[in-house]
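Novice: Using UniProt numbering, the letters of the sequence shown map in sequence onto residues 1 to 956.
Think of the CB as a built atom: it goes at the ideal place given N, C-alpha and C, for glycine as much as any other residue.
The model shown is predicted, which means the values in this text are computed figures rather than measured ones.
Starting off with a structure, shown below.
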Amino acid sequence: MRRWGIRKKVLVVTLVPTLLTTLLLGLFFTYSWVNNIENLLKDRGESLSRQLAAGSEYGLFTANRSLLSSLSNALLEEQDVRSITFYGSDGQRMLHTGPGSAETVAMAPLEPNQPVRVTHDSSTRFVTPVHLQDLMIETMLDPDARQSAAKRHAPLGWVAVEMSHVRTEKETYKALLISLLLVIGGVLLSLAIALRLSRAFTDPVFQLNEAVAKLKEGKLDTRVYTSAGPEFEQLESGLNDMASELSKAQAEMQQNIDQATEDLRETLETIEIQNIELDFARKEALEASRIKSEFLANMSHEIRTPLNGIIGFTELLLKSPLPRQQRDHLNTIRKSSEILLTIINDILDFSKIEAGKLILDRVPFQLRDIVEEVMVMLAPAAHAKNLDLVPLVYNDVPDNIMGDPLRVKQVITNLVNNAIKFTQTGEVVLRASLEDEDTEHNRVTLRLSITDSGVGLSRAQQQSLFNAFSQADASTARQYGGTGLGLAISKRLVEEMGGKIGLESELGKGSTFWFTLTPELSSTGDSSSPKEALRGEKIIYLEHQKTTGLAVEHLLRDWGVAVERVASPGALQEQIEEAQRRQEGYAGAIIGITRHLLNSSQYCNLVRSLEVERDCRTLLLTPTLETHDTPLSGLASGHLTKPVCRDALYDELLLLIHGIQSGNRSAPEAALPLRQNSGSGTPRILAVDDNEANLKLVMTLLNDCRLEAEGASSGFEALTKVRQKAFDLVFMDLQMPGMDGVETTARIRDLDSGSHHTPIIALTAHALADEQERLAQQGFDGYMPKPISSSQLVELIREYTGYDCTNSADRFRISEVRDTRRTLRPSNRRMQQDCVSVEESIQLAAGKADLAEELFSMLLEQLHTDIDRIQALWQTGDNEPLLECVHKLHGATRYCGVPELRTAANRFETALKCEAPDRELLKDQLIAAMERLQIWSEQTDWQQLFREQQRQPETT
């Protein structure tokens, strides 16, 4: 009802009460009228019946029908009287006058003392009893006495007067019709009045609304006059005044707009002039930026070109035999050159980012491999400061993701390198964890954090640390060095990859740098084979660096290896002896030591005891060593440097525990598809560079690979040589005077035929342009940046010519070194006899130490020949010569203190004689005992032991 209009509300308010009142009055008057008509009919009927009863008293008493007939005929003349009937005292009809043949009235409804009214559909019959009247004077004067006297006698009969309903019904219908007309008339009158009143209210309102709408349309000259009363007159006056004020305000506003438009026109002219000036300034700035970019590119080329020669020839010199002092000087030159190259790369990367020309790759890669590469690369710097460098990649982190591995590696390298740089003692730990996983979009959120125990950062340093050319140590002392671009580049790279970067630090308590990545998961899946070969093995582990021990332990447990940690060398040795005594020895022992323990005699004795006396294979984990010629690395069966890589650790344990050479070690490299070269021998290669040092370096590298190589110092010379003969591969410098590398390549492409395509590799230090895509469009097949890496050069030659230019002599030496590595047997899980007992040897030699030493020496000289002979005879199945050889060896052991070898020879000789089924197992035990004795003799100064035993009796 709130949304109803005024007209509707007026109509409702006016009509509803009027309509209800009219209906109620109509109903009331109609009911009263109809009731009066019925009461009138009743009263007339009763009156006529009483009159007839009084007049018919004599006639009924005398049974005079004529008298009764005359009475009835006279009464029929009355209005609404339909018929008259006389009944005797017995209730039988005596006379009936009027229409219809009235039936005899039953005695039941006839009352002797009071009248009866019988109603039918079309008439009402009034029956009155007739009594004999007492004509005495006293009774005539007293009606009550007359009535009581009459009641004392039986009635003479009854008279019935039938009144018709026809006229009554007509009057009733007439009354209803009149009431209906009155109601309708009243409603119509109320409607007319309501409409008139609603118009009186709504028409002015509509006029006001129309005026407001016109004002809204901007017709401010609109005025309204409704003449509808004082209230509307006030509203009209207010609206007209408002319109007048609006008209004035519009005129003033238009004037102001005209003035503002004029001012704006003048301002636009000024701005247009300024825009022209800014456009000129912008062009000058772009030109200056282009010149700066070209300057950076040219400077990159100019700096990298001599740097290429310095690094390249330094590496060549390091491969040649040199005195130690000169080798140290060359290493210093190489490290300084690499630092200079890093600074140049930082500046150029920052220039790329600022110019918006940084393009990120999107290829599948393995995050754990990237982390391990960075750790291995930075491990020497950390270990030089006695820092514990540890990667912790949690198990739920997916390994195969999509992204730019080079840029991810660059960010990790920057952060880890900074942590190492600003940490003097303690550790640097890299943690990679899974923060969120979006299965709907096949995307994850990874968090990588680098925590150090270094100097920490203040709040002021933290606020400006990610700014370009900003450093935590900006003092003139320059203790830590660097360009101040590493963190700025890392921040921009992380943001470009859709992640965030930040730090948490407290001065003096270390720092934690973190960044997030949101890569998609790679659909290629994990291509690495499952590491199940070590499941169920038991290894004992001694580690002095807590975090490294935690990382290695997690790796081993992930492979299903049961790991038991010990805290000291004594505990390690005791637990191994106890386990072997229970016939439940360990599959191997891992010993992790720090730099200051590398030459520890305690650990040398521990490793020697485990390898020789306990026959337990030992894996040594050490920091990065400057040389591998350390006592410990020579004693242990295996040796790895920290931080430990997954595959290397698994392969080494697989070799130590099961004696299995992993496919990663021994499998030959996959054959690459060979490309057809111009001849049947080595491929012909052309090197083009205008810098004499760089050309000489490339030629030297190619000649070291024993390739047929030619050089050209300009594009014209290169084009001449290509016209003379076909080359299988061309290394082309880009920036050359006269004809540059791009033009030379285009002309060489014109010389190519359908059957021969010359692969051309671009050599450039120009690092600002989008090299790969642009060079591919210019006809180049590949790209190699300066400084030139010999390994990358060899790989490119192999890829584009199919020729493996690895030096055959080097391959022979490498394979020879690998082949000479002794075959390892698994650790002994049981308690065994001593390998050598010097005291027993002297006792068997009648207490003569010199004789015991001679006998022991003769046994050792015989061992090498006997091992080969026993194995050869076993393979051929010659039992008699084999039994003779073992019997001879057994006899020799009877005169020397070698309990283990003596027992093994005795058991194998007995098995040969009895042809026992476990002969092969006993043969392997005999060979193992002989090998252990050989190893003991090589690692022990046994002559000194015999001589000390000889001197002891003399001193006593």
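Based on Cα-Cα distance, which residue from L775, A776 and L796 lies nearest to residue 967?
Specialist: There is simply no residue 967 to check, as the chain begins at 1 and stops at 956 in what is shown.
Novice: Only counting runs of 3 or more residues, tell me where the beta strand (DSSP E) segments fall wholly within the UniProt domain "Response regulatory" (684-801), in order along the chain.
Specialist: Fully enclosed beta strand (DSSP E) runs of 3 or longer: 684-688, 708-712, 729-733, 760-764 and 782-785.
Novice: Alpha carbon to alpha carbon, how far is I420 from T512? Give it in angstroms, no decimals.
Specialist: Going from the Cα of T512 to the Cα of I420 covers about 12 angstroms.
Novice: Around the C-beta of V16, are 16 or more other C-beta atoms found within 10 angstroms, so that it is buried, or is it exposed?
Specialist: Burial call: exposed.
Novice: Candidates R443, T413 and R684: which alpha carbon is nearest D399's?
Specialist: The option with the nearest alpha carbon to D399 is R443.
Novice: How long is the line joining the alpha carbons of R749 and G779, rounded to whole angstroms?
Specialist: Spanning the two alpha carbons is a distance of roughly 7 angstroms.
Novice: For Y586, count the other beta carbons within 10 Å of its own beta carbon; 16 or more makes it buried, fewer makes it exposed. Which is it?
Specialist: Burial call: buried.
Novice: So A905 packs on L859, CB below 8 angstroms; how close in whole Å?
Specialist: With a Cβ gap of about 11 angstroms, A905 and L859 do not count as contacting.
Novice: Around the C-beta of Q943, are 16 or more other C-beta atoms found within 10 angstroms, so that it is buried, or is it exposed?
Specialist: By the 10 Å Cβ count, Q943 comes out exposed.
Novice: In the DSSP assignment, find the unbroken alpha helix (DSSP H) run with F515 in it and report its ends.
Specialist: It is not in any alpha helix (DSSP H) - F515 instead sits in the beta strand (DSSP E) that spans S511 to L517.
Novice: Let me know the secondary structure DSSP gives P405 once reduced to three states.
Specialist: Note: P405 maps to helix in three-state DSSP.
Novice: So who's on the other strand from A432, going by DSSP bridges?
Specialist: BP columns for A432 point to V393 and L448.
Novice: When DSSP labels each residue in this structure, what does Q545 get in the three-state scheme?
Specialist: DSSP places Q545 in coil when its eight states are reduced to three.
Novice: Using alpha carbons as the reference points, say which of R595, D80, G560 and P519 lies closest to K531.
Specialist: Looking at the Cα atoms, G560 is the closest of the given residues.
Novice: Any contact of the region 38-58 with the region 207-221, i.e. 3+ C-beta pairs under 8 angstroms?
Specialist: Cβ pair count under 8 angstroms is below three, so no.
Novice: Measuring CB atoms only, is the region 187-194 touching the region 116-132, in the sense that at least three cross pairs come out at less than 8 angstroms?
Specialist: No, the region 187-194 does not touch the region 116-132.
Novice: Compare the beta carbon distance of E761 and M784 with 8 angstroms and say whether it is the shorter of the two.
Specialist: Here residue 761 turns out to be Ile, not Glu, going by the sequence shown. Yes, Cβ-Cβ distance for I761 and M784 is below 8 angstroms.
Novice: Label M377 either buried or exposed according to how many other C-beta atoms from any shown protein chain fall within 10 Å of its C-beta, with 16 as the threshold for buried.
Specialist: Classification of M377: exposed, given that the 10 Å Cβ count is below 16.
Novice: Quick one: grab the DSSP three-state call for I660.
Specialist: Residue state, collapsed to three classes: coil.
Novice: Compute the Euclidean distance between the alpha carbons of residue 969 and V688, then round it to the nearest angstrom.
Specialist: Residue coverage of the chain in this structure runs from 1 to 956, which leaves residue 969 outside it and unanswerable.
Novice: Measuring straight from C-alpha to C-alpha, what distance separates T700 and E553?
Specialist: Taking the straight line joining both Cα atoms gives about 47 angstroms.
Novice: Closest to H441 by C-alpha separation, out of E495, E577, E427 and P519, would be which residue?
Specialist: Closest by alpha carbon: P519.
Novice: To the nearest angstrom, report how far apart V836 and T940 are at their CA atoms.
Specialist: C-alpha separation (whole angstroms): 11 angstroms.
Novice: Taking C-alpha atoms, which residue in H96, S56, N308 and E162 lies nearest to A693?
Specialist: Looking at the Cα atoms, N308 is the closest of the given residues.
Novice: Considering Cα atoms alone, identify which of C896, Y895, D866 and F515 is closest to L882.
Specialist: Answer by Cα proximity: D866.
Novice: Beta-carbon within less than 8 angstroms of T222's beta-carbon, same chain only, minus the 5 sequence neighbours each way: which residues are those?
Specialist: Same-chain partners within the cutoff: A211, K214, L215 and A243.
Novice: Looking at the unbroken beta strand (DSSP E) that takes in R125, where does it start and where does it end?
Specialist: R125 -> beta strand (DSSP E) spans S123 to V130.
Novice: Among Q792, S790 and M732, which residue has its Cα nearest to the Cα of D781?
Specialist: Residue M732 is the option with its Cα nearest to D781.
Novice: Using the rule of at least 16 other Cβ atoms within 10 Å of the residue's Cβ for burial, across every protein chain shown, is P230 buried or exposed?
Specialist: P230 is exposed by the Cβ-count criterion.
Novice: Are the beta-carbon atoms of S523 and G456 separated by less than 8 angstroms?
Specialist: No, these two residues do not count as a Cβ contact at 8 angstroms.
Novice: Output yes or no for whether 8 angstroms exceeds the beta carbon distance between V224 and E233.
Specialist: No; because the gap between Cβ atoms is not below 8 angstroms, this pair is not in contact.
Novice: Return the chain-ordered ranges of every alpha helix (DSSP H) run that is complete within the region 576-660 and spans a minimum of 4 residues.
Specialist: Correct list: 601-608, 631-635 and 646-658.
Novice: Work out the CA separation of Q274 and G238 for me, nearest whole Å.
Specialist: So the alpha carbons of these two residues sit roughly 51 angstroms apart.
Novice: Can T548 and P380 be called in contact, C-beta distance under 8 angstroms?
Specialist: Contact: no.
Novice: Just to confirm, are L67 and G98 a CB contact at a threshold of 8 angstroms?
Specialist: Their beta carbons are not under 8 angstroms apart, which means L67 does not touch G98 by this criterion.
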